[in-house]
Amino acid sequence: MSDFNLFAGTEGYIASSELRDAVNVSVSLERPLLIRGEPGTGKTLLAKAIAEALQMPFISWHVKSTTKAQEGLYVYDTVQRLNDSRFGDGDVSNIEHYIKLGPLGTSFEAPERVVLLIDEIDKADMEFPNDLLHELDEMSFYIRETDRTVTAKQRPVVVITSNAEKELPDAFLRRCIFHYIDFPDEALMRQIVDVHFPKIQDELLSQILMKFYWVREQPEVRKKPSTSELIDWIGALKRAGMDAAALQGAFPFLGVLLKKEADLQGIQKKVS
Amino acid sequence: MFVNFFYHLRGRGLDVSVTEFLTLLEALNKGHAHESLDHFYSLARAILVKKPEYYDLYDLAFAEFFQDAVVDWSKFQDGLPDELNEWLQDPKAMRQLTPEELAKLEAMDFDELMRQFEERLKEQKERHDGGNRWIGTGGTSPFGHGGANPAGIRVGGPGGGRSAVQVAQNRRFRNLRTDLTLDVRQFGVALRKLRVLTKDGREEVLDLDETIDQTAKNCGDIEIVMKQPRKNEVKLLLLADVGGSMTPYSHLTSLLFSAAHQASHFKQFKSYYFHNCPYDVLYSDMSRRKGEKTEDVLKNIDRTWRCIIMGDAAMAPYELMESGGSIDMFYINKDPGIVWLKRIAEKVPRTIWLNPDPIKYWNSYFTVRVISSLFDMFPLTVEGLDDAVRELRMKPI
C-alpha cells in the first residue's frame, strides 16, 4: 500500500471519495480506468489531474469516428520512404526510421510511467475497443515490418472516457475498472466553485446554486446545464457585478446556462 | 464470506464474472479497502459493476448482504408474485356488459387507481376470476385483465377490453432484460452487414496496387493512380409494430431502432411505427400522435429501397382483412390492412418481416400465416437477424 502514490485530487480538481478509490485501484492494479458521466462533469480533466497529482507525463489520444486501433500503436510511413528513395534523402535502408509510434506505442516506450488518456472511445467504430484488448492486457505489440516487439517498460496508467454513444463490448468492460461520475451534489459543487472563484460571497453562491439546480430539475430542459456552464455563468455574473440582492427574483444571462433555443424559451416563460 | 458475496451479487442479477471477482480479491490483498466498509463499497463497485444502470441493483444487494437490511425483492425483481402472474397469463373468457353496467363503472383517475392497485395487491392472497373487487380475470374490477372497466389497470396477459390505462406486466420485461439475447451492439453488428458497395463519384481514392504496378513499370518513377470510392447503396425503411401485443417486446424494438439510427452507413434511412397493422397512416413517434400518410411515404421511396417490418403479426383476422378493422377505436381505415401490406410488398420487393414471437407460435395465428405468405418472415434472434440481413442484401429485384 505504501509503494505507490495515492491520488487525492488536486488543487484544481475535486474528486469524490469513490472516484479516488477507483483511480487508486486502477493505478495499483495496472488496469485501465473507464470513466463515464454526463458531458461537462470533468471526465477528460480527470486524466490530467491524475498526471499532475502523481507527477507523471501526460499523453492523450483523442478518438474520432475514423480512428483505427492500429494508429494508436504505430504507423509505417511508406509514402515518406518512397519519397526519400526517389530524392535520395535520409537512410531508406533502415525501416525503423519510418515507423512512427502512436500514442499507445509512445506510452509503452516512455522511460518512466505515464498517464495515457484515450478520450471518447465510443466515437470510434464498434470494433475499436476489441482491437485494443490484447494490447491493453499485455501492454505490448508486435511491429511486423521491423520484427520487433514493443513492450511497456512501465505499464502506463490508462484512463478511458466514454459518453455511452455506443455500447462497449463485454469483454472490454470486464478488463476495466469502471466509474460513473455522478452529477455533483450541492456540497461538492461548492468545493468545485471554490476552486474557481475562491472569494465568492456565501449568500450569493447559495442563490446561484439554488437557481442552477432548479433549472436542472425542470423536466422541459433537454440539455441540462453542467458544471462547466455553471462556472461560466458565475463568471458572467461576477463580471457584471451582480450581488445577492440583484439576483433576487431575477435570472440574468440565462443563455450562458442553456444552449438550446427551446430550453431557453421554456425557462424564460417560467421565470417571468 | 467473500465467495458468498460473489454469489449473492450474481443471485441478485448482477452479471459478475470470475475474473472480475479475482481482480477484487487482488485489490483487497493490496489493502485497498483500508479495512473500511465504505472503501470496500466503492472498490467492489468500481471493479464489479460496469454500467450505471446496475448501480441501484448493486446498492440494494450490498445493503442486504452487509447490513442485513430487509430488501423487498419482489418489488424490484419480480413485480408480481409468481402464481398471480402465471394465472393472469391464462384468462377466463370476457364477460359481456350491458351499457348500464358499463356506465356504472366510473372511470377513476390514475393516481387513485395506482394506489388502490398496490393496496389490493397486498390484501389479495389467491387466484380470483370474475367479481368486481379483486385483481383477476374476466371481471369488472379495475385491476386484472380480460376485464371491462374503462379505466382499468391491465395486469399481465393480452388486453381484451383494450382500455387499460397502463400495462403492469413488468415481470415479462425483466425476463427479457436478464436473458436478453440481443443488445444494441449485436443489432448494430448485424445491420453493418447490410451494405452493398458500388463505385460512386469522382476518382479521389489512391489505388495502391495499381500505383505500385505503374510505378514499377515506370522504372521507379512514382505514378499515382486514383480510383472511385465505393459507397454503400443501401436505403432502408424500418417499420415497427408498437401495438399492445408488442408491449413485451418494446425493449427489443427500441434496441433495433437505436442500432439503426446509430448506423451511419446507410445512404438513406427512414423509420415509422404502426399499431398491429399498417394502414393509411404511419407514425413517426411511438405514442402515434404525429404521422405521415402511407401513400406519401411510399411515393418517396422506390424499388431500390429495402424494408424491414418488425411485429408479431398476431392480430384478430378482421384487423387484417376488413376495412374499418383497425384496433384503434377512433380511427376508421378505408382499405383493409392486407391491401396496404400488398402495396408495400409491390413497391419494395426486398421487404422482410422480423417476428419477435418464438417460431412455434407462428402457425397458430391466422394472420401470421397470411402475412408470412407475403413476406419472408424471420425470428428476431441473432441468427434470425443475420439470415434476414443476408436475404435483404442478396435478394434480386
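Line by line, the protein sequences are chains A and B.
Residue numbering for the first sequence follows our numbering, starting at 661 and increasing by one per position.
Residue numbering for the second sequence follows our numbering, starting at 1162 and increasing by one per position.
The beta-carbon is built from N, C-alpha and C at its ideal position, and this holds for glycine as well.
Nearest-angstrom beta carbon gap, residue j and residue i [assumed within contact, 8 Å]
i: Asp1496 (chain B); j: Ser1487 (chain B); result: Contact doesn't hold; Cβ gap of about 11 Å is too wide.
i: Val817 (chain A); j: Gly765 (chain A); result: 16 Å between Cβ atoms; not a contact.
i: Phe1226 (chain B); j: Leu1198 (chain B); result: Not a contact, Cβ separation roughly 11 Å.
i: Arg1353 (chain B); j: His1426 (chain B); result: 7 Å
i: Ile1469 (chain B); j: Leu1397 (chain B); result: 7 Å
i: Ser1148 (chain B); j: Leu1399 (chain B); result: There is simply no residue 1148 (chain B) to check, as chain B begins at 1162 and stops at 1558 in what is shown.
i: Leu777 (chain A); j: Trp721 (chain A); result: 7 Å
i: Glu698 (chain A); j: Ser886 (chain A); result: 6 Å
i: Val1509 (chain B); j: Ile1462 (chain B); result: 7 Å
Cβ pair residue i, residue j closer than 7 Å
i: Ala1207 (chain B); j: His839 (chain A); result: yes
i: Glu1365 (chain B); j: Val1386 (chain B); result: no
i: Asn1524 (chain B); j: Ala1474 (chain B); result: no
i: Thr821 (chain A); j: Asp854 (chain A); result: no
i: Val685 (chain A); j: Ile837 (chain A); result: yes
i: Leu1355 (chain B); j: Val1395 (chain B); result: yes
i: Asp923 (chain A); j: Val881 (chain A); result: yes
i: Arg876 (chain A); j: Glu1181 (chain B); result: no
i: Ile710 (chain A); j: Phe768 (chain A); result: no
i: Leu1185 (chain B); j: Ala1205 (chain B); result: yes
i: Arg1464 (chain B); j: Leu1553 (chain B); result: no
i: Phe857 (chain A); j: Ile803 (chain A); result: no
i: Leu1502 (chain B); j: Leu1535 (chain B); result: yes
i: Asp1537 (chain B); j: Ile1513 (chain B); result: yes
i: Gly736 (chain A); j: Leu705 (chain A); result: The residue asked about is misnamed: residue 736 (chain A) is Tyr in this sequence, not Gly. Going by C-beta atoms, Tyr736 (chain A) is not nearer than 7 Å to Leu705 (chain A).
i: Val1164 (chain B); j: Arg1171 (chain B); result: no
i: Tyr734 (chain A); j: Leu693 (chain A); result: no
i: His1422 (chain B); j: Asp681 (chain A); result: no
i: Val1210 (chain B); j: Tyr1202 (chain B); result: no
i: Ser745 (chain A); j: Val739 (chain A); result: no
i: Ala847 (chain A); j: Val775 (chain A); result: no
i: Ala1401 (chain B); j: Leu1546 (chain B); result: no
i: Glu712 (chain A); j: Asp782 (chain A); result: no
i: Leu1175 (chain B); j: Tyr1216 (chain B); result: no
i: Ala904 (chain A); j: Leu869 (chain A); result: no
Terminal residues of the alpha helix (DSSP H) in which residue i lies
i: Glu1453 (chain B); result: Looking at the DSSP string, Glu1453 (chain B) is not in any alpha helix (DSSP H); the run it does join, the beta strand (DSSP E), is Gly1452 to Lys1454.
i: His856 (chain A); result: Glu846 to His856
i: Lys929 (chain A); result: Glu921 to Val931
i: Lys708 (chain A); result: Lys703 to Leu714
i: Arg1554 (chain B); result: Val1543 to Met1555
i: Leu862 (chain A); result: According to the sequence displayed, residue 862 (chain A) carries Asp and not Leu. Start and end: Asp862 to Glu877.
i: Asn684 (chain A); result: Ser677 to Leu689
i: Gln606 (chain A); result: In the structure as shown, chain A begins at 661 and stops at 932. Residue 606 (chain A) is therefore absent and cannot be evaluated.
i: Leu1204 (chain B); result: Leu1198 to Leu1209
i: Tyr673 (chain A); result: Looking at the DSSP string, Tyr673 (chain A) is not in any alpha helix (DSSP H), and its letter there is neither H nor E.
i: Tyr1168 (chain B); result: Phe1163 to Gly1172
i: Arg899 (chain A); result: Thr887 to Arg899
i: Leu730 (chain A); result: Note on residue identity: the sequence assigns Gln, not Leu, to residue 730 (chain A). Ala729 to Leu733 is the extent of the alpha helix (DSSP H) around Gln730 (chain A).
i: Pro1409 (chain B); result: Careful: Pro1409 (chain B) lies outside any alpha helix (DSSP H) and carries neither H nor E.
Member of the options whose CA lies at the smallest distance from the CA of residue i
i: Gln908 (chain A); options: A:Pro789, A:Gln867, A:Asn743 and A:Asp749; result: A:Gln867
i: Thr1455 (chain B); options: B:Arg1504, B:Ala1222, B:Lys1428 and B:Ile1469; result: B:Arg1504
i: Asp1010 (chain A); options: A:Ile674, A:Leu828 and A:His757; result: The structure shown does not extend to residue 1010 (chain A), since chain A spans only 661 to 932, so no value can be given for it.
i: Asn1437 (chain B); options: B:Ala1477, B:Phe1348 and B:Pro1510; result: B:Ala1477
i: Gly732 (chain A); options: A:Gly926, A:Phe913, A:Ser800 and A:Asp751; result: A:Ser800
i: Glu1507 (chain B); options: B:Ser1533, B:Glu1453 and B:Leu1459; result: B:Leu1459
i: Gly702 (chain A); options: A:Phe872, A:Val819 and A:Asp681; result: A:Val819
i: Phe832 (chain A); options: A:Thr727, A:Leu914 and A:Leu793; result: A:Leu793
i: Leu1221 (chain B); options: B:Phe1166, B:Glu1384, B:Ile1383 and B:Asp1457; result: B:Phe1166
DSSP beta-bridge partners of residue i
i: Trp1514 (chain B); result: B:Ile1470 and B:Met1538
i: Tyr1526 (chain B); result: In the DSSP output, where bridge partners are listed per residue, Tyr1526 (chain B) has none listed.
i: Glu722 (chain A); result: One point to set straight first is that residue 722 (chain A) is His, not Glu, in the sequence displayed. A:Asp779, per the DSSP bridge assignment.
i: His839 (chain A); result: A:Ile695
i: Tyr802 (chain A); result: A:Thr809
i: Val1366 (chain B); result: B:Lys1388
i: Gln740 (chain A); result: Gln740 (chain A) pairs with nothing; no bridge assigned.
i: Thr1376 (chain B); result: In DSSP, Thr1376 (chain B) forms no bridge with anything.
i: Thr766 (chain A); result: DSSP lists no partner for Thr766 (chain A).
The beta strand (DSSP E) enclosing residue i, as first and last residue numbers
i: Arg808 (chain A); result: Arg808 to Thr811
i: Asp1402 (chain B); result: Lys1396 to Asp1402
i: Arg1391 (chain B); result: Arg1391 to Asn1393
i: Lys760 (chain A); result: Ile759 to Leu761
i: Ser1432 (chain B); result: Gln1429 to Phe1435
i: Val1442 (chain B); result: Val1442 to Tyr1444
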